[in-house]
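So the sequence shown is residues 831 to 1137, counted in our numbering.
We put the beta carbon where it would ideally sit given N, CA and C, even for glycine.
Taking it in order: structure first as structure tokens, then the write-up.
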Amino acid sequence: MLKFEIEFIFCDPYYDTDMASGFFAILDDIAALMDDVAVASKVATHKTAGILGDDLAVNAEKATGFLASREIPVLWAITKGSLLNKIIIVPIALLLNAFFPVAIKVVLLLGGFYLAYEGVEKIIEYFFHRSKPSHVEAKEVRQEGPEEERAKVQSAVTTDFILSIEIVIIALGTVLEQSLTIQILTVSVVALLATVGVYGIVAIIVRMDDAGYQLIKRSHEKGVFTAIGKLLIKALPIIIRILAVVGTFALILVGGGIFVHNIEFLHHVLPNFPSTPKEFLFGLIGGLITIPVVLLIKKVTALIKRS
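Set out below in structure tokens:
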């Protein structure tokens, strides 16, 4: 029946063969475009793999530490913020690249200082903050409410914004020689994959303990599944501590990488030094420079508010 209909269509004297060939030509063009986008996205994802790893470490550390009942809502709030970041960043990056490419470098450098500042501030806080009595800490935990939760979400979304800029710029850099259509599609695909991939893995991490409890409950505290459940429960705090350390170092490393790749002078400093320690060193210096500047801005803002 299908064969008869096809033969009838192409044998029909009133059938427009030019229109048919044009339709199939469009399909062929779309297929070729999607193939080019797939190849370009693969290259861009490979180039952004390092920053995606840092993004995962940083955001996993920022998305943990909430009450179990608030983990998924908080993570969903951060994910929505991340998607909004991408929606804002992608068109702006494409427009700036077309009309004012210097601005991209300025934004990257400002973002680098912010990331380095966050990382160095965490290190200083860890080594120089005063230990608090356990009863004070318990009181503070009980007082943690919506305001503090919103502050943590906002901090995570802000950090994601800076890392998203880096991801989008790197992805865009891999397709600068391609057409505008391929640039738009490739950068959009990489941005979406970055959000879905990173926060999908973060969701798995933060729910490890709940999965462990469910395994223990359903296996009636016996057998292999109980052992796996206990392992998941015990592993979660260890993973969180590791991610806290890795995330802090990742902030400094990404900031230093931005400095090295976008400041010509630093690019040629210590030419025989390994790239990772070199980027971390410059990130550390950038963070130390930024901290007094931020403190000064805070003091000036406080004085203005008082007056």
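Contact under 8 Å by Cβ, residue i with residue j
i	j	result
V1032	L886	yes
V1036	E901	yes
L1096	F1103	no
G1116	A933	no
G949	F1079	yes
V983	A907	yes
V1005	T1016	yes
E955	I1121	no
A1024	I1000	no
I1070	D1039	no
Y1029	S1105	no
Three-state secondary structure assigned by DSSP to residue i
i	result
V1099	coil
T1004	coil
G1087	helix
S1009	coil
P1104	coil
I1093	coil
P931	coil
A1037	The question names Ala, but residue 1037 is Arg in the sequence shown. R1037 falls in the coil class under three-state DSSP.
G1117	helix
Residue i versus the options, residue with shortest Cα-Cα distance
i	options	result
T909	F991, H1097, Q1044, S1009	F991
V987	I999, V904, F1055	V904
V937	F1110, V1099, G1085, L1100	G1085
A1065	F1055, G1087, V1054, G1042	G1042
L925	L1061, L1126, P1067, L1010	L1010
L940	L1126, N1092, L1073, F1110	N1092
A1074	Y944, I953, N927, G1027	I953
Expected contact under 8 Å - CB spacing of residue i and residue j to nearest Å
i	j	result
S1018	V920	6 Å
L1045	A923	The Cβ separation is near 44 Å, so there is no contact.
L1118	I1082	In fact, because the Cβ distance is near 10 Å, the residues do not count as touching under 8 Å.
S994	K916	6 Å
Buried versus exposed, by CB contacts within 10 Å (16 or more), residue i
i	result
G1059	buried
G1053	exposed
F929	exposed
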